Amino acid sequence: MILSLYIVNKAGGLIYQRDFNEGLNRMSSNDYLILAGTFHSIHAITSRISPTGHSDGLELLEAETFKLHCFQTVTGTKFLLVTDPVHHNVESALKRIYDMYSDYVMKNPFYTPEMPIRLELFDTHLLRAIRTL
Amino acid sequence: MIYSLYLFDRHCQCVFYTEWNRPGASRSTSDDLRNQYVWPTQHGSSDPRKDTAMVDEAKLVYGVIYSLKSMVAKLSATAGSDQFLSYRTNTYKLHYFETASGLKFVLTSDPATSSLLEVLKQIYLHIYLEYVVKNALVPADPKKSLPIANDYFCAVLNNYIKGLACFQS
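Chains as they are written, first to last, in my numbering: chain X, 6 to 138; chain P, 186 to 354.
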């Protein structure tokens, strides 16, 4: 079960946040922004404290009631997907979300890069894809 | 493959650190405890340059676990009872266990290792409690953090970690 999706730009700003299922605490939009910023810094530190040379940073965070998967693109945009602890096949879901992001966000001429995503086409396609996963 | 163990007390101080398969670590072919790198110690260890690097590293590790802990607590719907268990990167995995008294055990391993939560609980219950808490010679000052300088603790811990199936594989 996919609980929610966050997209964080390369500067650590939250540009998209959406909950798909119940299971996580609801917060104010300001708290989500802080959370994204915190995660961005943690990600940078986790790549530095690797015991075996340089690492690419946090990929999967496990807690008792959820899992947080992080996929970082080459340009530094991070896709964070929160699922329940038993969910499998998250890699492919993240790749699909990335495909949709490039199709409906990056190819949209009215979208300013690194800014919050408010695009209906992306929303509808994302919802449809999450339901079929 | 197990790389290292950090132990933080409730004053946010690293009271014990040791490492096993880390690249650049002093590899001892025998089970000689004197070759085992342990930090922090009262008299300074064999490698002073590494000691200064460890000060920064311990702070970074503590910062990460502290932030992840608060992040999990914020996200989780079940307030308070949800613990952060581990995280994985492409080169290592960090396992975390916190006792009710605020003692934090952090173990790093290679990313393919499955959950080592039970291992951390064993270290706490059967090694830390036996050889540190029950040791009458350890000065007990709840307001100060003291590095664990205890050969028995080191030796038993070493034996236990080296006996794990995932130690070398």
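A virtual CB, placed ideally from N, CA and C, is assigned to each residue, including glycine. Note that the coordinates shown come from a computational prediction; the quantities given were computed from them, not determined experimentally.
- Shortest Cα-Cα distance from Asn335/P to any of Gln353/P, Glu315/P, Lys347/P involves Glu315/P.
- Runs of the beta strand (DSSP E) lying entirely within the stretch 238-316 of chain P, each at least 3 residues long, are 269-273, 278-283, 289-294 in chain order.
- In this structure, DSSP gives Arg133/X a helical state, which the three-state scheme calls helix.
- Residue range 19-24 is occupied by the beta strand (DSSP E) that includes Asp24/X, with no alpha helix (DSSP H) assigned at that position.
- Straight across, the Cα-Cα distance linking Leu279/P with Tyr191/P is about 10 Å.
- In the assembly as shown, Tyr109/X is a buried residue. Its beta-carbon has 16 or more other beta-carbons within 10 Å.
- Proximity of Tyr272/P to chain X, defined by a Cβ-Cβ separation below 8 Å, is satisfied.
- Boundaries of the beta strand (DSSP E) harbouring Cys199/P: 199-204, taken from the DSSP string.
- Separation of Ser330/P and Glu204/P (C-alpha to C-alpha, rounded to the nearest whole angstrom) is 21 Å.
- Note on geometry: alpha-carbon atoms of Val304/P and Pro90/X lie some 20 Å from one another.
- In this structure, DSSP gives Phe338/P a helical state, which the three-state scheme calls helix.
- Secondary-structure assignment with DSSP links Glu67/X through a beta bridge to Lys72/X, Ser271/P.
- Residue-level contact check: Pro208/P touches chain X, since one or more beta carbons of chain X fall below 8 Å from its beta carbon.
- Lys83/X has Val13/X, Gln77/X as its beta-bridge partners, per DSSP.
- Within its own chain, the residues whose Cβ lies closer than 6 Å to the Cβ of Ile122/X, once the five positions on either side in sequence are excluded, are Ile20, Tyr21, Val110, listed in chain order.
- Contact between Ala68/X and Gln268/P holds, with the beta-carbon distance rounding to 7 Å and staying under 8 Å.
- Of Asn26/X, His92/X, His74/X, the smallest CA-CA separation from Phe84/X is found for His74/X.
- DSSP places Ser46/X in the uninterrupted alpha helix (DSSP H) bounded by 34-53.
- For Leu190/P, the enclosing beta strand (DSSP E) begins and ends at 187-193.
- In the three-state reduction of the DSSP assignment, Leu349/P falls in the coil class.
- Going by beta carbons, Pro332/P and Phe201/P fall inside the 8 Å limit.
- Counting the other Cβ atoms within 10 Å of the Cβ of Arg133/X gives fewer than 16, which makes it exposed.
- Counting along the chain, Met105/X sits inside the alpha helix (DSSP H) bounded by residues 95-106.
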